[in-house]
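In full-length UniProt numbering, the protein residues as written are 1 to 954.
For reference, the structure discussed in these notes is given below.
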């Protein structure tokens, strides 16, 4: 039903568009002028529909039109065009009778027959328009459409030809995109350079030249779009710019033109209407980010935010590859000369061409009008650098598929990497290298290791320095990883020796040469790509050179470091403030105690007010009563004999009856709960237990448990009861006798997952406002990130904990949510079979080739990290789980080692001894890179088992 309605809407759009072409044959030449003529002139529903589908849904309407061509023809015979214009739903009520068809044809006086006879041609034009191609930019990650599970590639070159169109339908075909220029020299978001400073354009203000009917010409800087009003008819209703050449405008107030620059003639109040002949940028609002001198450790003041565009240098690379359908552009002078002898003026409608005012303006200043075009069609080819080091030139975009996400262990030739080090490698120097090739299927990387030449340079040797390693033991260098197009700044290192390996221009830089602003143009640039064991950079001056990775600094990295410094400084200030407040607090306390020395009874409350809350003070009072006797006791041990120490008898210190009652009820509730005995029991079978000593708990220093209410205690009692009775296999819990607000849980990794047989420990804290707020959870990570939801820092990202967005049952519900629900979510939803798809937004890639391939890679790495986690847990088991840890691994060690042997034999992670299993991406065996790493880890794991007293062998 939905598809039929969509087809009905499409047929309606087609008819409406054809109806417009019939009514306005002179202004609309055909469907090939959809951009921009039909969209902006006729406002055709068909054009709008095609525009919307193309940009937002990427639906192949050409196929739909062709497959339903016969139904469209039948619809044309049936539909009353006039009725459609007034009521789009009249199609459903149209009669199917032949009489209606004949009447329809007579009504149109042959128009319907003309439409039908040209339908094939019209659909052919639609097909021609819809044969758009997917565009790629430099740096895009792609894979082959024929082998989406194969190796990845990076786009390193783009060649583009475009067809340009005028409003009258004239086409310039096959223009090289490198000959195109933007209509505006600066737009919002552009990166600009002025002297040593780098900034981002916030807004560009138009400098509009208006030609009047008498030949006068005025140039006006417009900060407000309301000062010049377009005069109907509007040539382009959805134009990308507010003002454009050929536009008829009215000056709202004479003072606007009076303050302008009169290039020809002088100001007259009567000159209030004219034609826009030229538009450029007259003023630019810039947000200055940083400067080269500041990066080098110096100081320089930022320039004013509003700048003359002539003082700014645009920082960009590959602008020729960014053109899209519908973009406005200009041509170089050689191409523009094609139109100099023509009577067509770009963006001049037939109406305005016949206007006497416009004719006068064109006749007098026709050469001053900007020649502007619209991109009607693009045709591109791309060059791709594949992971294995090979390069494919001139590929058709249809043969490639964009890759939305790449794995953490995907590398490309030329990238700088670091060798991962483990705890056992402590003291060994971490090696740096450059990738020469990658085997994406086997996940191995050929690396050329760096050899230091001196403190500032490195070289990449031959022979023994090149090695094939596992992708799982490498990580991108955090300081020397650069993206194509990234803005960089030349570092102060080797600034005196920067002239080397130039491919275009000269970029010799010295500190003496930086006295002029233009010299800094050779210190700021964009990364073009990796080249010959270095980086190719295009500087703001236009020169291109090859640099070493340590010679440049990424702008984003500078900004990140600055942000971290600001946060650290702010945190330090807060700590200083807290220290000062604590010092003042202690001084006040000391003063109060000194004052109370003479009269303890009268001043004790005043002194202790600085130290204890009311509940804590009442608690200490009760303790004193139990030790020295109650205030009405006659015991000889009572302190009543000395009035100086009659603390509990002072009326001022006596708690209220309400406080005593609530405290008594709370204490009764805490003692009523029947705690399991602390006697030894089989640790493997004991799911729930109450223990003492919470000294190693992550939240042991949290406060608030002293002031809890009766309802909080009752809720925790319910949680304990649920855990004691309903804990499933694989989850073990310990609660603390002296701290009801703390809990520790252990979850056993389930079979079929990359976490099988491992142990995962979580410390849980119940806040004072529990259950209105969810508990806080800390994961014992050992410094490893083996799941998207479990961070190295111990953070647990879960919507149930309000650490991630969620809806419905995914979020914490004070009425229904429990700690058991939380533990089950961690067991089933976090530590699952395909944890890769836990990452935010990655679930949409489930079942797709690139997503499933990345999932296999993630599982392999997760198991390697899980093995490292086992050694960490065995070396440092959490308190009260020591026996459980040893008993668990004693029982499961043979199974773990057997699974490792199966994985070394080629079985997929989580499916040991299941040779028939095939992953969703068709993978049947584990990768060579995984086997290399597992072979290194396995002896260490066996050694750890043996040291823990667990008998095992390979």
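Cβ coordinates follow ideal geometry from the N, Cα and C atoms, glycine included.
#1: Using 8 Å for Cβ pairs, my map puts residue 156 next to residue 142. What's the rounded Cβ distance?
#2: Could you compute how far the alpha carbon of residue 207 sits from the alpha carbon of residue 221?
#3: Output the boundary residues of the alpha helix (DSSP H) element that contains residue 901.
#4: Here's a check: name, in chain order, each residue in its chain whose Cβ is nearer than 6 Å to the Cβ of residue 773, leaving out the five neighbours to either side.
#5: Which residue marks the beginning of the alpha helix (DSSP H) containing residue 871, and which one marks its end?
#6: For residue 475, report the span of its beta strand (DSSP E) as first-last.
#7: In three-state terms, what does DSSP make of residue 182?
#8: In its own chain, which residues sit with a C-beta less than 8 Å from the C-beta of residue 281, not counting the 5 before and 5 after it?
#9: Are the Cβ atoms of residue 748 and residue 523 separated by less than 8 Å?
#10: Once DSSP output is grouped into helix, strand and coil, what is the label at residue 23?
#11: Let's see if you can read the secondary structure: which residues bound the beta strand (DSSP E) around residue 144?
#12: Take residue 171 as the anchor and find which of 376, 820, 406 has the nearest alpha-carbon.
#13: My output table needs one value for residue 691: the three-state DSSP class, helix, strand or coil.
#14: When you compare only the Cα positions, how much space is there between residue 210 and residue 190?
#15: With a 10 Å radius around its C-beta and 16 neighbouring C-beta atoms as the bar for buried, classify residue 868 as buried or exposed.
#16: Please give the ranges of any beta strand (DSSP E) in the segment 369-451, keeping only runs that are unbroken, at least 3 residues long and fully inside the region.
#17: Is it the case that the Cβ atoms of residue 547 and residue 555 are separated by a distance below 8 Å?
#18: Assuming residue 697 and residue 769 form a contact by the criterion Cβ under 8 Å, report the distance between their Cβ atoms to the nearest whole angstrom.
#19: Sorted by chain position, which residues of the same chain lie with C-beta nearer than 7 Å to residue 909's C-beta, five sequence neighbours on each side aside?
#20: Quick check: the segment 401-417 against the segment 525-542, are at least 3 beta-carbon pairs closer than 8 Å?
#21: Would the beta-carbon of residue 279 fall within 8 Å of that of residue 307?
#22: Less than 8 Å between the beta carbons of residue 471 and residue 432, yes or no?
#23: Apart from the five residues on each side of it in sequence, which residues of its chain come closer than 6 Å, Cβ to Cβ, to residue 781?
#24: To which residues of the same chain is residue 274 closer than 6 Å at the C-beta, ignoring the five residues directly before and after it?
#25: Where does residue 296 fall in DSSP's three states?
#26: Near residue 783, which residues of its chain fall below 7 Å by C-beta distance, leaving aside the five closest residues on each side in sequence?
#27: What separation, rounded to the nearest whole angstrom, lies between the Cα atoms of residue 827 and residue 750?
#28: Kindly indicate which residue of 217, 473, 400 has the alpha-carbon position closest to the one of residue 933.
#29: In whole angstroms, give me the CA-to-CA distance for residue 379 and residue 198.
#30: Going by C-alpha to C-alpha distance, which of 411, 316, 326 sits closest to residue 544?
#31: Rounded to whole angstroms, what is the Cα-Cα separation between residue 816 and residue 298?
#32: In whole angstroms, what is the alpha-carbon distance linking residue 169 and residue 265?
#33: Cα separation between residue 738 and residue 944?
#34: Which residues does DSSP list as the beta-bridge partners of residue 538?
#35: Quick one: is residue 918 buried, meaning 16 or more other Cβ sit within 10 Å of its Cβ, or exposed?
#36: Compute the Euclidean distance between the alpha carbons of residue 485 and residue 537, then round it to the nearest angstrom.
Per the coordinate set shown:
#1: With 8 Å as the limit, residue 156 and residue 142 do not qualify as a contact, their Cβ atoms being about 11 Å apart.
#2: 4 Å
#3: 882-904
#4: 767
#5: 849-875
#6: 474-476
#7: strand
#8: 184, 185, 186, 204, 205, 206, 207, 309
#9: No, these two residues do not count as a Cβ contact at 8 Å.
#10: For residue 23, the predicted structure reports a pLDDT of 37, less than 50, and the residue's modelled location is therefore unreliable. The matter cannot be settled from this model.
#11: 141-144
#12: 376
#13: Assigned with DSSP and collapsed to three states, residue 691 falls in strand.
#14: 27 Å
#15: buried
#16: 372-386, 391-395, 400-402, 416-419, 432-439
#17: no
#18: In fact, because the Cβ distance is near 20 Å, the residues do not count as touching under 8 Å.
#19: 754, 859, 860, 863, 903, 926
#20: yes
#21: no
#22: no
#23: 792, 794
#24: 210, 211, 212
#25: coil
#26: 792
#27: If you take the alpha carbons of residue 827 and residue 750, they lie about 8 Å apart.
#28: 473
#29: 34 Å
#30: 316
#31: 59 Å
#32: Their Cα atoms are separated by approximately 35 Å.
#33: 34 Å
#34: 526, 544
#35: exposed
#36: 9 Å
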